[in-house]
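Before any comments, here is the structure.
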Amino acid sequence: MSAARAGPRPRQQVHRGTVRASAFWLDPALLGEAEARRRILSLWAPGMSVHAVAGGYLVELSAPRAVACEAAPGLPLTREDGLLSSAPLSPSERRHPSLHEGAVVLVLSGRALVFSAGAMPRVEVSAWLDVSEWELRAPRTLGAPPPPVPVLEPVPPPSRERFGPGVPEPSVEAQEMLARMEGRRAPAAAGARRPGWWARLREQLLPDGTAARGAGGDALVRQGWLARLRAKFSPQGASARGGSESGRGRPGWLARLGAAFSGAGPRGPRQGAPSSGWRARLASKLRGPSREASPPALPPSTPAVPSGPSPWDRLSDWMMNNTLLGEWARQRKAEYVRRLFDMFEEGNLDEALRHAIPLGQELSEDAREALGLPGPREHLTLQTEARGAAGAVFAGGAGLYSALQQRYRDAFRRFEREGRVDEAAFVLAELLGAVEEAVSFLERHGRFKLAAELAEGRKLAPGLVVRQWFLARDVARAVAIARRSGAFGDAVARLERSNPPEARALRLLWAETLAEAGDYARAVQVVWPVAENRSPAREWLERGVASGGATGARLLALWATAFADGLTVADARVRELLDDDTPGRAPERFVFGLALVEESPSANRTALVVPTLRALLRDRAAGNARFTSDLKLIKRLLGDAPDGTLRTDLPALTDCLHPAWRDTHSRPRIDATVRASEAGTFTLHDAVVLPDGRLLYALGEAGARLVRADGRTVARFDVPAFHLVPSIHGDRVLALARRGEVWRLSRLDLVTRRCSPWRDMTLTAWSPSYDGNVWFVASGTTVMMLDALAADCRALWRVPDLARGVSAIAADTTHLSFVVGNQERWTYALADGPTLRERSELPPEVSGPNCVLVSESVVPDGELIVLGTEVPPPPEALTGEVDPVTFALAWLPPVALRNRVPKTHGSAPLKAIFISQEWWLELLDLSEEWQLQLTDRRGVLRAVLAFEGKDWPRVRLTDSMLLVFGEGGRGVWLDLESGEVRHLPVP
């Protein structure tokens, strides 16, 4: 039992009427022990506590609640100036010396008893629950883990049936030829005998191989050794050899060999070559790289320096330019080309194309001249997959290239005349390298699917790929690729020039996809140019208006003016918007006016001009017009007014521009405090602010709740919700709940106020928002683009087998960035399909083997801030010479062009950092409370928020909003556009 002190003599003994009770005192002597316990358990909610006070039970509520005193379950106590009292106290009574902050004043029998908060023994309410008769049952498994997420895989190469019996599958010889030209090892044939030691030695010394000794028919046959030796010593060979050496003496073989291994070319040393002797350099080549010395680390944003040609490549280059072997190889190539031209002149196209040299292949920086000759093709087969850059080139100059190109063109025209479509397409795609022309050729001849496979396999423009799959009647794949790459617009433009009906159909699919993703404004914009496709636009307008915000206001203006009965149907919503005089909806009225003046003249538009103008003038007079000038809009509305009365009566207007809070430093710094007494009755796991000012709360197993800014509940969603992933359009949200090693995903539709389970899957990181169409997540070492519209769970794109697990990920409509362990940051551009733009290593101070990342925040365009610590601490910490817990702060700049003034060091109370493109937020632990310091990208401190208590606050930061909240439901919401501070309504 707690000790009580005598307090003041209050004039009033109890509260009367309705009060905001923060606690109740129940007397078991009056109610009975069983009834007192029953009433306490009926009141129970998370965050409550029960103490033994004055022979009874003092029940402290997690949040104040309004109660009628005569119907209260016990004696109500209210909190005034830090005192918890069962009777109202006057100011003089509150100044009594026995009273202090946190004390409990209980008025019993006309006397005031004062109890200290720390001296009241806590009652363990769980002991009141009798569970002795409960039966424990063994748990049962929930079933097998979720299956792997299917991925939209690339199309396989066409099978032999696709090309008919005349064009069978590529043979081993054809694959070997492609491998030699690309600098790859040729694949081994099934059942082939292992080559002998001499063949393996030749392969090591001459990796490009040599021409086949005999292929039958018109195959090129290698000359005998005597003929080759005679050719080397012929006058033609001598003149050819000396042509490039005229004007200067030829260096000796020892000098040329030393130059080759030192990185010098035949014409002199390369820039930056080392100055050590050739013997030392030759020894270093034979020994390989030193294990002790390592190259200096590059800055994270510096691209890796190309490794350059290998020693064998340098030796091959030296031999081609300085030895008889080079002269011999050039002579063989000349004979090869001469025989190839003879085949074309004789009209033997089949055999000529088997030996033809591909043109138009991109060369890598390390490409070298091949020592050998390309082997013959066994069959002419079109390769749909893109080849790598050439590792070896045939050489020969522009003249040879032009001559081959002319003969390939002649062969193509001949195949086209003869109706041999496959062979003609082979010449275009494989020999001439004109892949886009080959796709167009196949399309003209009705080979739509093969054209689509070729376009996708050779990585042509995504818009062209979508067009070809749509013409091939594979609509599902066309739409999936268009959604992955954002190429709907390009594909529609390509179809409109040649296939208008298909273009209209694809445009409608595009609009339906946008509407399914919640982007109703763009869906209406896409479908509107085609009058016959406008029928579904009305439903999209209604759903977009119901989503609220500035986008809803713009769609409301279109809805009211574009249809004959639009104003009649939308009249209630229009009046609600224009008659509302609250400052929060002033931006919506401004956007409504902007959309109204852009609409075509109509009776509905004329009827809305004056009410809209009056609403804007009212906002202007009340000082609600912010962020931009409204004078031009008001003048345009005045010009469209049906009569001149309003223009005549209106005084002269001046420009009244109020810059946004984020854009001006003249406005004072914002200071706000979230007190511990503001906690609610539910545990708040996550929260989201919607564009129309409503909030969505994640209450764990209790589901999710949609509330207005004043705290009134709009809807409840009966799905488990511990984390929320909102759509950028504000009409839908994904709810996540952990179930062991997997996460249960649910979908919430905020417009229809319905929810449905999606599926279970393994997640380690995810983007905190999505566009309604795709959602970027990480599962272990795999990053995926999930199809957010699919009934099941499938991926449109992925990056598998990363070196480590992904710890953070962020994405928007233009970029994707994620952090791989504590080692790397990857950044992709999403236009035309995800394309890797930068892969940077994290600084060494946060990527060491003993470093643990405490906090990390990444922006979609790649900006990253990492806070790490060393575990275990350094040896100096054990001796007390340094702080045992030291933090290292590392920052990586974005790939986009924007400026920021970052901090380069951390402090002891710094626990986390959150960043957006415009803001930098630091979370500091000040022992008794948390402090959040918000700075802009110029480094100016703009707001300081205090969060009382020891519970770690949670943060959502975007360019326009800062939301800070705790598990007890308390929190604060800062509008970064206007600087307005709002406390979260208690759920």
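Residue numbering for the sequence shown is -16 to 970, as defined by this note's numbering. Cβ coordinates follow ideal geometry from the N, Cα and C atoms, glycine included.
Report buried or exposed for residue 827, applying the criterion of at least 16 other Cβ atoms within 10 angstroms of its Cβ. Under this definition residue 827 is an exposed residue.
What would DSSP say about residue 414, mapped onto helix, strand or coil? Correct three-state label for residue 414: helix.
Look up residue 807 in the DSSP assignment and give the residues it is bridged to. Residue pairing from DSSP places residue 807 in a beta bridge opposite 803, 824.
Restricting to Cα atoms, I'd like to know which of 700, 758, 744 is closest to residue 736. If we check each option's Cα against that of residue 736, 700 comes out closest.
How many angstroms separate the CA atom of residue 74 from the CA atom of residue 920? Going from the Cα of residue 74 to the Cα of residue 920 covers about 48 Å.
Restricting to Cα atoms, I'd like to know which of 960, 94, 824 is closest to residue 648. The residue with the shortest Cα to Cα distance from residue 648 is 960.
I believe residue 829 touches residue 836 by the beta-carbon criterion, under 8 Å. Please report the beta-carbon distance rounded to the nearest angstrom. With a Cβ gap of about 7 Å, residue 829 and residue 836 count as contacting.
The beta strand (DSSP E) enclosing residue 589, as first and last residue numbers: Boundaries around residue 589 are those of the alpha helix (DSSP H), 586 to 604, since no beta strand (DSSP E) includes it.
Just verifying my parser: in three-state terms, what is the DSSP assignment at residue 78? Coil at residue 78, not helix or strand.
Cβ neighbour criterion (16 or more within 10 Å) applied to residue 415: The Cβ neighbour count for residue 415, taken over all protein chains shown within 10 Å, is at least 16; the residue is labelled buried.
With 16 as the cutoff for other CB atoms within 10 Å, does residue 34 come out buried or exposed? By the Cβ neighbour-count rule, residue 34 is buried, with 16 or more other Cβ atoms within 10 Å of its own.
What does the Cβ neighbour count give for residue -9, buried or exposed, with the cut at 16 atoms within 10 Å? Per the 10 Å Cβ criterion, buried.
Within the segment 697 to 760, note down every full beta strand (DSSP E) run reaching 3 residues or more, in order along the chain. As far as the segment 697 to 760 is concerned, its whole beta strand (DSSP E) runs of at least 3 residues are 706 to 709, 715 to 722, 725 to 732, 737 to 744.
Residue range of the alpha helix (DSSP H) that includes residue 937: It is not in any alpha helix (DSSP H) - residue 937 instead sits in the beta strand (DSSP E) that spans 937 to 940.
Run the CB neighbour count on residue 27, radius 10 Å, all protein chains shown included, and call it buried at 16 or more, exposed below. Under this definition residue 27 is an exposed residue.
Per DSSP, the bridge partner or partners of residue 767: DSSP lists 760, 781 as partners of residue 767.
Those residues which DSSP pairs with residue 533 across a bridge: Residue 533 is not bridged to any residue.
Is residue 892 near the ligand GTP, judged by its Cβ being under 7 Å from some heavy atom? With respect to the ligand GTP, the structure offers nothing, as it holds no ligand at all.
Using the rule of at least 16 other Cβ atoms within 10 Å of the residue's Cβ for burial, across every protein chain shown, is residue 433 buried or exposed? Label assigned to residue 433: buried.
Note down the Cα distance separating residue 653 from residue 910, rounded to an integer number of angstroms. Taking the straight line joining both Cα atoms gives about 22 Å.
N- and C-terminal bounds of the alpha helix (DSSP H) containing residue 622: Counting along the chain, the alpha helix (DSSP H) containing residue 622 begins and ends at 614 to 623.
Chain-order list of residues whose beta-carbon lies under 6 Å from that of residue 931 (same chain, five-residue window excluded): These residues qualify, in order along the chain: 658, 659, 912.
What's the gap between the Cα of residue 768 and the Cα of residue 340? Cα-Cα distance, rounded: 40 Å.
Beta-ladder partner(s) of residue 966, from DSSP: DSSP, once it has assigned bridges, lists 955 as partnering residue 966.
With a CB to CB cut of under 7 Å and the five nearest residues on each side skipped, what residues in its chain are close to residue 2? Scanning its chain for C-beta atoms nearer than 7 Å, with the 5 sequence neighbours on each side dropped, one finds around residue 2 the residues 50, 52, 59, 61, in chain order.
Does the beta-carbon distance from residue 517 to residue 523 come in below 8 Å? Taking 8 Å as the Cβ cut-off, residue 517 and residue 523 do not qualify as a contacting pair.
Cβ of residue 531 within 8 Å of Cβ of residue 674? Cβ atoms of residue 531 and residue 674: closer than 8 Å.
With 16 other CB atoms within 10 Å as the buried threshold, where does residue 694 fall? Exposed, because fewer than 16 other Cβ atoms sit within 10 Å of the Cβ of residue 694.
How far does the beta strand (DSSP E) with residue 8 in it extend, from its first residue to its last? Its beta strand (DSSP E) spans residues 1 to 9.
Is it true that the segment 797 to 809 meets the segment 839 to 856, where meeting means three or more beta-carbon pairs spaced less than 8 Å apart? Verdict: yes, contact present.
How about residue 579 and residue 589: do their beta carbons lie closer than 8 Å? Their beta carbons are not under 8 Å apart, which means residue 579 does not touch residue 589 by this criterion.
How many angstroms separate the CA atom of residue 143 from the CA atom of residue 438? With a pLDDT of 44 at residue 143, under the threshold of 50, the modelled position of that residue is not reliable, and no figure is offered here.
Option nearest residue 527 by Cα separation, candidates 109, 715, 554: A check of alpha carbon separations from residue 527 across 109, 715, 554 identifies 715 as the nearest.
Could you give the distance in angstroms between the alpha-carbon of residue 395 and the alpha-carbon of residue 785? Cα-Cα distance, rounded: 44 Å.
Can you check which of these residues, 320, 124, 445, is closest to residue 387 by C-alpha distance? Of the candidates 320, 124, 445, the one whose C-alpha sits nearest the C-alpha of residue 387 is 320.
So what does DSSP say about residue 316, is it helix, strand or coil? Under the three-state reduction of DSSP output, residue 316 falls in the helix class.
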